[in-house]
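Below is one structure, written out as structure tokens, with a few remarks after it.
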Amino acid sequence: MRNAQTAPFARRVADSAMRAALHVWPEESRRWGRALQAELDEIESPVAVLRWAMGGFMVLGRAWWNHVVHSWRRPFGIPAEGPLASKVAEAKRLPRMPRFVTVLLLAASVALFFTRDFRQAFSAGTQAWGAGLPRVDYDSGNWLRAKANQTHDPELLAIYAITTWRSNDERLQAAAEAVRRDPSLVWIYSKVRLLDEPCCGLHPVSKEGVAALEKADPDNALPRLLAASLIYEKAERDWSSKPDPRGEFDYKRLVEQNPEWQAAMNYAFQAPKFDSYQAQAFELYRSAARRYDLADYPELGVRMLRNAGFGPGSSVGMYSDWLLTQGESAEKAGKLDQAADLYWEPVLFAQRVLQQDGSDTANWWLLNAERTSFQKLRPLLLKMGRKDEAEAMAYQQSSLQARFERGFGNNYYWDEYQGGWTGLMIRCLCAIVFLLGAAVVVGFGIFAFGRWRNPDSPQKVLGAGAAAMDYAPLLLLLASGALFVVFRPLILTYNRYMSVPWSSDTARGLEFSAAAPYGMPMWYYGFSAKYLNAYHGWMVLIIGLSVMAAYILARGTMRTWRDRAAA
Amino acid sequence: MGIRLRVSPQTLCVLDALLEHPGQWRHGYSLSRQTSIPSGTLYPILMRLEKLHWLETRWEEPGNLGRPARHQYRLNGNGCAWATQELRAARARKFWKPVYSEV
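If you're matching them up, the sequences are chains A and B in order. Residue 566 in my numbering is what sits at position 566 of the first sequence, and the numbering runs on without skipping anything. Residue 580 in my numbering is what sits at position 13 of the second sequence, and the numbering runs on without skipping anything.
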């Protein structure tokens, strides 16, 4: 029996403790807590009453443990007791996936996100949706600039100058600062492209930079070719802004007659070497990537290493034609040796350049120059009685012809042959991962914060939320895994090429592995050029709205008829 | 049932106490005093026995004013049969020695 006089303090403490415990006792086993509390009045000894209450707390601990363990078997948003709990099994509008399965699936997806490869895949995929081509984003650009300022490292400044999308002034200042700190980096002027109007698919280089490069590397043909290109590009821009009614060939003739252009091209064709500076760009990026762990900024690598094409192609083509014309004149004048020398010049130049620059654009321009030269040179050699040389040339000529017939596959890595489908898949998987992630968040929100909703009422939101909680985590894991698997070979290829010495093949491998996520199949480009415009957009919108209106009208009419028939 | 009871010496003690007067309702504190098992051990045993449907529980009639209704326990028919069998088996393998009663 209750004896409040024996130990009022101990009993009060035990009573209060048990009452407090009952407040936090899990609903499904709370009656056991009440049972424990009800016994307190029967205990006489103060020590025993406290021990009883302590035992009650141990039971509370067990009850909570069981509550937590069992709660993992229930889906998210479903309480242990109440109307929702009893309806889980048969209600379509409630999630049925146990929460431990949901959590495991989500944890696996999150774990995947913590791997660098996946992050890079996701980053590339999201960027590809935005820009189409790799572009150094705001965060990595800022990071690079801040890091360069902090470390005063000329290599980082050089990478920033080449890769940033900011203004011309910013690019040139960064380049100048990098070269001032390390004069051997002067070659970056051949890679720092300005935001001015592009010509021949490439943005121009800076005139001052080219001048500095000519001075620093006089034996190299590239600076002279870039200088000649600047003259050509200016003439083309002038002609485009105010087209000469006499036609395109007149501005080309003007360029041909420009003594500066002639001098630059002559110097380039006679120069003892051609260095595209791709190896230096590769080593620069590799060195910085190792030191600063740039692997999380793959777009920097893509911008640095992507072989953007052979800029001076038009000038090379024009100068080769000019040399052949000079050779023809010499041949007509009976100066056969001089004519042969002039015909040989484009061939020798092309071979010198192609040892260094294996890009498709360079191949097209230079092999074309070589092929055209052979067409002149072979008959001349036969005329000169050098039959053996002419026969050897015939073999080369036919192999070149075959090469042209096979095609060069401009944008080889971007189209449907390899990179395009990979790029499309990465883009789509990235979008799917994003949408499923959003579905999980929305589904969780509906059931975690919407328990008050009555499951008996037919609410589409609950149905969608239930579907999201049941299927989205699994699909998210599958999509994330697929994205990882699709991207993994690319990153392995990239890492492999980054670990071996530079060679002309490296550019192709790196370009493919780094740029493939940004590619799209050729049909897409055809489709987008044909149909993705304002006219077709309006057409689709109007047709879509019309179909919706027709459907709503038909449904209303059907209901009216049905109601009348029922009446 | 999906749940298997771990027949510990304490559980056997509780079963033994409940079998002393099989049809009689018992209170938690009296069981605790009889078996010397503290509440932190006794109640989980009772909870598991109830979950196995071998223990009947009820709240006593509120006859005594000023005191909350107490929870009462007794073994049902299945529970009695199972408990008798378990106690016999435990005794046979000398796992448990009865203190209060012989079954």
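Note that the Cβ used here is the ideal one computed from N, Cα and C, for glycine as well.
Assign residue i to one of two classes, buried (16 or more other C-beta atoms within 10 Å of its C-beta) or exposed (fewer than that).
| i | result |
| --- | --- |
| tyrosine 531 (chain A) | exposed |
| aspartate 563 (chain A) | exposed |
| tyrosine 413 (chain A) | Any reading at tyrosine 413 (chain A) must be qualified, since the residue scores a pLDDT of 42, below 50, and its modelled position is unreliable; the value itself is stated next. Result: buried. |
| histidine 638 (chain B) | buried |
| aspartate 415 (chain A) | The predicted model places aspartate 415 (chain A) with a pLDDT of 45, which falls under 50 and marks its position as unreliable; any figure quoted below should be read in that light. Aspartate 415 (chain A) comes out buried. |
| glutamate 233 (chain A) | buried |
| leucine 380 (chain A) | buried |
| proline 346 (chain A) | buried |
| phenylalanine 447 (chain A) | buried |
| methionine 1 (chain A) | Confidence at methionine 1 (chain A) is low in this model, with a pLDDT of 44, below 50, so its placement is unreliable and no value can be given for it. |
| glycine 465 (chain A) | buried |
| alanine 565 (chain A) | exposed |
| valine 103 (chain A) | exposed |
| valine 59 (chain A) | buried |
| phenylalanine 512 (chain A) | buried |
Would you kindly work out how many angstroms separate the C-alpha atoms of residue i and residue j, rounded to a whole number?
| i | j | result |
| --- | --- | --- |
| serine 329 (chain A) | serine 314 (chain A) | 23 Å |
| alanine 390 (chain A) | phenylalanine 374 (chain A) | 9 Å |
| alanine 128 (chain A) | arginine 427 (chain A) | 7 Å |
| aspartate 470 (chain A) | valine 440 (chain A) | 9 Å |
| histidine 536 (chain A) | phenylalanine 527 (chain A) | 12 Å |
| leucine 94 (chain A) | leucine 105 (chain A) | 19 Å |
| proline 183 (chain A) | glycine 209 (chain A) | 12 Å |
| leucine 585 (chain B) | asparagine 643 (chain B) | 10 Å |
| serine 668 (chain B) | arginine 31 (chain A) | The pLDDT assigned to serine 668 (chain B) is 45, lower than 50, so where the model puts this residue is not dependable, and the model offers no usable value. |
| arginine 378 (chain A) | proline 489 (chain A) | 47 Å |
| leucine 112 (chain A) | leucine 553 (chain A) | 48 Å |
| glycine 334 (chain A) | glutamine 396 (chain A) | 26 Å |
| leucine 324 (chain A) | threonine 164 (chain A) | 41 Å |
| arginine 99 (chain A) | tryptophan 65 (chain A) | 16 Å |
| arginine 62 (chain A) | threonine 608 (chain B) | 10 Å |
| leucine 382 (chain A) | leucine 222 (chain A) | 34 Å |
| leucine 284 (chain A) | leucine 354 (chain A) | 22 Å |
| histidine 203 (chain A) | arginine 508 (chain A) | 21 Å |
| tryptophan 25 (chain A) | valine 69 (chain A) | 15 Å |
| methionine 520 (chain A) | isoleucine 432 (chain A) | 17 Å |
| arginine 96 (chain A) | alanine 288 (chain A) | 51 Å |
With respect to the beta strand (DSSP E) encompassing residue i, which residues constitute its N-terminal and C-terminal limits?
| i | result |
| --- | --- |
| glutamate 623 (chain B) | 622 to 626 |
| leucine 642 (chain B) | 638 to 642 |
Quick one, which of the options has its alpha-carbon nearest residue i's?
| i | options | result |
| --- | --- | --- |
| aspartate 15 (chain A) | A:Arg116, A:Pro46, A:Ala108 | A:Pro46 |
| serine 123 (chain A) | A:Leu194, A:Met558, A:Ala514, A:Lys332 | A:Ala514 |
| arginine 371 (chain A) | A:Phe118, A:Gly385, A:Ser399 | A:Ser399 |
| methionine 265 (chain A) | A:Ala227, A:Leu300, A:Leu294, A:Trp239 | A:Ala227 |
| alanine 350 (chain A) | A:Tyr319, A:Ala333, A:Thr325, A:Tyr251 | A:Tyr319 |
| methionine 54 (chain A) | A:Ser287, A:Gln37, A:Trp261, A:Ala333 | A:Gln37 |
| glutamate 256 (chain A) | A:Ala235, A:Arg180, A:Ala340 | A:Ala235 |
| alanine 467 (chain A) | A:Phe76, A:Gly61, A:Ala20, A:Arg62 | A:Phe76 |
| alanine 212 (chain A) | A:Thr560, A:Ala20, A:Ala176 | A:Ala176 |
| threonine 126 (chain A) | A:Ala550, A:His67, A:His203, A:Tyr518 | A:Tyr518 |
| methionine 645 (chain B) | B:Glu623, B:Glu627, B:Glu628 | Correcting the residue type first, residue 645 (chain B) is asparagine in the shown sequence and not methionine. The residue with the shortest Cα to Cα distance from asparagine 645 (chain B) is B:Glu623. |
| glycine 141 (chain A) | A:Glu170, A:Arg286, A:Thr115 | A:Glu170 |
| asparagine 149 (chain A) | A:Leu172, A:Asn168, A:Ile162, A:Ala178 | A:Ala178 |
| alanine 107 (chain A) | A:Trp538, A:Trp561, A:Ala158, A:Leu477 | A:Leu477 |
| histidine 620 (chain B) | B:Trp649, B:Ile604, B:Cys580, B:Ala659 | B:Trp649 |
| proline 312 (chain A) | A:Leu294, A:Leu144, A:Val205, A:Ala288 | A:Val205 |
| arginine 74 (chain A) | A:Leu424, A:Phe282, A:Tyr267, A:Val101 | A:Val101 |
Can we count residue i as close to the ligand ADP, meaning its CB is less than 6 Å from some heavy atom?
| i | result |
| --- | --- |
| glutamine 326 (chain A) | This structure lacks the ligand ADP, and indeed carries no ligand of any kind. |
Check for me: the alpha helix (DSSP H) holding residue i runs from which residue to which?
| i | result |
| --- | --- |
| methionine 522 (chain A) | 522 to 531 |
| phenylalanine 9 (chain A) | 8 to 24 |
| histidine 536 (chain A) | 534 to 566 |
| threonine 602 (chain B) | 595 to 602 |
| tyrosine 616 (chain A) | Only positions 1 to 567 of chain A appear in the structure, and residue 616 (chain A) is not among them; the question remains open. |
| glutamate 617 (chain B) | 606 to 618 |
| tyrosine 471 (chain A) | 460 to 498 |
| methionine 265 (chain A) | 259 to 270 |
| methionine 318 (chain A) | 313 to 332 |
| serine 576 (chain A) | Residue 576 (chain A) is absent from the model: chain A starts at 1 and stops at 567. |
| aspartate 583 (chain B) | 576 to 587 |
| aspartate 293 (chain A) | It is not in any alpha helix (DSSP H) - aspartate 293 (chain A) carries neither H nor E in the DSSP assignment. |
| tryptophan 344 (chain A) | 336 to 354 |
| phenylalanine 113 (chain A) | 99 to 113 |
Contained alpha helix (DSSP H) runs [length at least 4] in the segment 138 to 221 of chain A, N- to C-terminal order | 138 to 151, 154 to 163, 168 to 181, 207 to 216
Counting only runs that start and end within the segment 32 to 88 of chain A, where is the alpha helix (DSSP H) found for 4 or more residues in a row?
-> 46 to 71, 83 to 87
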